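Report on one structure; see the data block that follows.
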Amino acid sequence: MESLPSVRMTANLNSMIRRQQSIEQAERAILGSDVAHHVIDPSGALGLDPLEASPLDDALEALLGAEHEGWFLGLPLPGSLAPLRGPADFNLAALEQGEAVVASTGDLGLVPIRIGRAVQWRIYPAERPLAPSSPYDAERALNEVIIDAAATLSRLDVASGARPDLPVATQLAPGYSSHQRAIAERATRLLAACDAALMHDGASISSFEADRRAQELRRVRARAGDALGSAVSWLR
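Going by numbering that gives the first Met the number 0, the residue at position 137 of the sequence shown is 136; the numbering climbs one at a time, nothing skipped.
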């Protein structure tokens with residue numbers, strides 16, 4: 000399982016604009032094991048050709064020249080779009096793909112669309128996003144929901160299931176602290192585990208137990224997404 004394109008994009012944009020790495024280094028890290036990334040800018044929000052796909056390095060150069068203060072990672076879920084605040088077409092595209100990258104001061108957002116082993120990034124105008132919580136606060140909230148969910152699942156005795164395949168370790172870009180790296184790696188593992196567990200009902204023997212199990216897993220998954228977003232969004 001490859002890491003999310005939006006995680007790689009957010010982390011490397013934040014590192015690049017702080018001169019922690021070059022455009023070429025950021026491009027290689029964002030590409031990962033994919034065969035190609037390209038960028039489309041239909042509204043010309045970034046100043047790229049609106050009629051043709053642009054290479055990733057051209058887009059990174061334009062993003063670096065735009066001098067944004069930072070970039071936030073969005074992993075929106077139905078009913079929980081934070082940190083995204085619109086407009087509607089950007090939010091809907093991000094929700095459909097389950098991920099997005101947005102400039103911390105607003106004006107630009109990027110949504111990845113996977114096409115086989117390639118990624119097409121679509122640029123949207125974007126409102127100024129909500130600031131994610133700090134990595135420490137997000138980690139504390141994640142710990143609390145894990146303890147609560149574990150107690151509930153233990154009482155119901157419905158937590159059994161096959162161990163999921165471990166995702167590829169989330170490699171954050173230069174400049175991130177060891178604590179942020181640890182939070183991102185743990186959150187990524189939890190996202191994979193929850194997604195795998197939600198594909199079946201575990202040891203549930205009634206619809207009530209199945210629904211309650213899924214509810215607890217979704218709570219953990221949401222907090223894991225918040226923790227990953229916070230760890231990746233903040234780079235000082």
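Glycine residues also receive a C-beta, built at the ideal position from the N, C-alpha and C atoms. Just so we're clear, the structure is a prediction, and the values are computed from it rather than from any experiment.
Look at the alpha carbon of residue i and the alpha carbon of residue j, and state the distance between them as a whole number of angstroms.
| i | j | result |
| --- | --- | --- |
| residue 4 | residue 216 | 24 Å |
| residue 51 | residue 43 | 11 Å |
| residue 37 | residue 151 | 45 Å |
| residue 103 | residue 154 | 42 Å |
| residue 233 | residue 209 | 37 Å |
| residue 16 | residue 59 | 10 Å |
Hey, residue i and residue j: beta-carbon distance below 8 Å or not?
| i | j | result |
| --- | --- | --- |
| residue 228 | residue 72 | yes |
| residue 45 | residue 62 | yes |
| residue 109 | residue 8 | yes |
| residue 98 | residue 226 | no |
| residue 197 | residue 223 | no |
| residue 120 | residue 111 | yes |
| residue 230 | residue 183 | yes |
In terms of DSSP beta bridges, what is residue i paired with?
| i | result |
| --- | --- |
| residue 236 | The structure shown does not extend to residue 236, since the chain is modelled only from 0 through 235, so no value can be given for it. |
| residue 108 | 101, 123 |
| residue 38 | 53, 120 |
What did DSSP end up calling residue i once you bin it into helix, strand or coil?
| i | result |
| --- | --- |
| residue 178 | helix |
| residue 130 | coil |
| residue 19 | coil |
| residue 117 | strand |
| residue 5 | helix |
| residue 189 | helix |
Near residue i, what residues of its chain come up, given a Cβ to Cβ distance below 6 Å and the 5 sequence neighbours on each side ignored?
| i | result |
| --- | --- |
| residue 12 | 70 |
Examine the ligand ZN and report whether any of its heavy atoms sits within less than 7 Å of the Cβ of residue i.
| i | result |
| --- | --- |
| residue 137 | The ligand ZN is not among the ligands present in this structure, which contains no ligands whatsoever. |
Under a CB-based cut-off of 8 Å, is residue i close to chain D?
| i | result |
| --- | --- |
| residue 9 | Although the question refers to chain D, the structure presented lacks it and comprises just one protein chain. |
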